[in-house]
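Mapped onto the working numbering, the consecutive letters of the sequence shown carry residue numbers 52 to 454.
Here a beta-carbon is modelled for each residue, glycine too, at the ideal position from N, C-alpha and C.
Right, one structure below, let's go through it.
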Amino acid sequence: MNPPFSVVFLTTFIGMAQGCFLALFGEQLREQFSTAPASGNLLSYGAMVVLLLLIAGLAASFFHLGHPERAWRAATMWRTSWLSREVIALPIFMCVVLIYATLSFFPVFNPDVSFNLLAAKSSLIIGVAGGVSLLLILICLGMVYLSIKILQQWRTHLPIVNFVLVSCVTGFVLAVGFYILLALVPTLRHVVDLDGVPIHWSLIVGLAGVFSLFLLFVCTGMIYACLKFLQQWHTPFTLANFILLGCSSGFMLATTLGAWLAPQTTHFFMTSTLILTIVAGIVRSASLLRNKGLVPKSTLQSAIGVKNPKIVQKSSGAMAPTFNRHQFNHGKTRLFIRSIKWIFLALVFVLPIVLLIVQLLTQVDLTLMLVTLLIQYLGLIAERWYFFADANHPQNIYYQVIC
């Protein structure tokens, strides 16, 4: 494939933003439920950096569109297209990050609320919603059998009534058994006691942000992993690499922000970054080894339907450059591709791991963290370009003289 750099910047920017938001939320949880010192302005400024990265990634996505004014139409195929789902998931995540940043910047909008009070206010709404949804489930379950016309025994409304009544009776028995268990073992009532624990609204919004960022990770990774005819991409490694590389670079950014705004948080961030980078390096290396051993499902013989083993292509089939040649072939030598692979392995994994270990053993330095962040991001650009270039489109069989 011949990847445009706008796609490279899109995927690396939003991946880093997702990882950084996950790191910030992890730090907020650590402060909320432990004795960790407050991080000051780190959460608010960090959320703004995340939002800026998402905006930059969204802006980059327009540069590889033939008609940017029609970009909104990409969301209309959400039932079947992972790209459409990504187009929907990205703005949702951006809105959640914007709300999170607003709550972090303006404490007046982010008051404390008791966990038990919050649970009491929301339990009624959740209970009503749960009751309605379970009735819908029971009706749908009953209609599965009632709708079968050829079975007279089921062609009655009694199956729905039976499903509802049996579910209510068994559920009531289960509830009675649970209350008896609590009465016999009183200590179970206090296994989780959060009475009086102050919960910030930003924590709830952050939880929604974590859910939406993983949804965005899945949508982005599945755009490429779902393509069965591209063997290099059609693997769980594709989704795993998008998640791990995004988290690694995002935690690296959070570590740099922590070294600048809240030095007391750097040990948590740096340790997490080191672990994520090592795991990401192992998974990416495994995917490279897997792709190296792939055997093409199609050959020149199978493409033209001739089984002679001595077939050689003499012409590319077109005198002038074509769209297919430009889009599906990068035109680089094998030496160049091999060099890019070793470059990104060194810049994304080896050098950052060494620099992180050095700082963990000595002391955290903001300048050195900035250098580490820059090195890893340059490596990410090379890695993402290699990821796209490594995919060998089957149509290149017809252009072997060029490819």
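Own chain, CB closer than 7 Å to residue i, minus 5 neighbours either side, in chain order
i      : result
Pro445 : Phe280, Ser349
Val242 : Note on Val242: pLDDT 46, under 50, position unreliable in the model; no value is reported.
Asp244 : Below a pLDDT of 50, predicted positions are generally treated as unreliable, and Asp244, at 48, falls in that range; the measurement from the model is reported next regardless. Closer than 7 Å at Cβ, skipping near neighbours: no residue.
Val330 : Leu295
Tyr151 : Ala98, Ser253, Val256, Gly257, Gly260
Val101 : Ala68, Cys71, Phe72, Val148
Tyr378 : It should be pointed out that residue 378 corresponds to Gln in this sequence rather than to Tyr. Taken in chain order, the residues that qualify are Asn53.
Rounded straight-line distance, which links the Cα of residue j to that of residue i
i      : j      : result
Leu73  : Leu325 : 15 Å
Val179 : Phe214 : 20 Å
His118 : Met128 : 17 Å
Met99  : Thr62  : 19 Å
Phe60  : Gly108 : 6 Å
Phe56  : Ile391 : 15 Å
Gly332 : Val227 : 52 Å
Val220 : Ala442 : 57 Å
Ser353 : Asn359 : 10 Å
Gly193 : Phe229 : 28 Å
Phe223 : Val195 : 25 Å
Leu312 : Ile388 : 39 Å
Pro287 : Gly297 : 16 Å
Gln282 : Leu412 : 42 Å
Ala125 : Trp436 : 24 Å
Leu290 : Thr328 : 16 Å
Gly66  : Pro347 : 30 Å
Leu28  : Val357 : Residue numbering for the chain in the displayed model covers 52 to 454; residue 28 lies beyond these limits and cannot be assessed.
Ser184 : Cys191 : 11 Å
Phe114 : Val58  : 9 Å
Leu351 : Gln364 : 9 Å
Leu258 : Asn53  : 37 Å
Phe438 : Ser253 : 36 Å
Gln410 : Gly309 : 14 Å
Ile362 : His285 : 29 Å
Leu406 : Phe374 : 44 Å
Gln69  : Ile231 : 45 Å
Leu278 : Leu134 : 12 Å
Asp416 : Leu304 : 14 Å
Sequence-distant residues of the same chain with beta carbon closer than 6 Å to residue i, five excluded per side
i      : result
Ile294 : Phe268
Ser112 : Leu61
Burial state of residue i (16 or more Cβ within 10 Å)
i      : result
Trp123 : exposed
Asn292 : buried
Ser300 : buried
Arg130 : exposed
Thr423 : buried
Thr51  : This structure cannot speak to residue 51, because the chain is shown only from 52 to 454.
Gln425 : Per the sequence shown, the amino acid found at residue 425 is Leu instead of Gln. Classification for Leu425: exposed.
Leu421 : exposed
Thr316 : buried
Gln204 : exposed
Ile201 : exposed
Phe64  : buried
Pro403 : buried
Ala440 : buried
Gly344 : exposed
Trp393 : exposed
Arg376 : buried
Thr307 : buried
Ala46  : Absent from the structure is residue 46, since the part of the chain shown begins at 52 and ends at 454.
Cys71  : buried
Glu120 : exposed
Ser85  : exposed
Phe157 : exposed
Leu103 : exposed
Leu154 : buried
Leu386 : exposed
Leu225 : exposed
Residues that residue i bridges to, as DSSP identifies them
i      : result
His444 : In the DSSP output, where bridge partners are listed per residue, His444 has none listed.
Own chain residues within Cβ distance below 8 Å of residue i, not counting five before or after
i      : result
Leu189 : Ile211, Phe214, Val215, Ser218
Leu186 : Val215
Leu197 : Trp205, Arg206, Thr207, His208, Pro210, Ile211
Glu137 : Leu267, Cys270, Thr271, Ile274
Ile408 : Leu325
Cutoff 8 Å: residue i Cβ touching any chain D Cβ
i     : result
Gly91 : Structure shown: chain D not included; a single protein chain is present.
Any non-hydrogen atom of the ligand GTP within 7 Å of residue i CB
i      : result
Arg206 : What this structure holds is no ligand at all, so the ligand GTP is not there to describe.
The region 91-102 in contact with the region 334-342 per 3-pair CB rule at 8 Å:
no
Given 8 Å as the limit, is there contact between the region 248-267 and the region 136-145, that is, 3 or more CB pairs closer than that?
yes
Stretch pair the region 392-405 + the region 420-431: three plus CB contacts closer than 8 Å:
yes
Within 8 Å, do at least three Cβ pairs link the region 317-333 to the region 66-84?
yes
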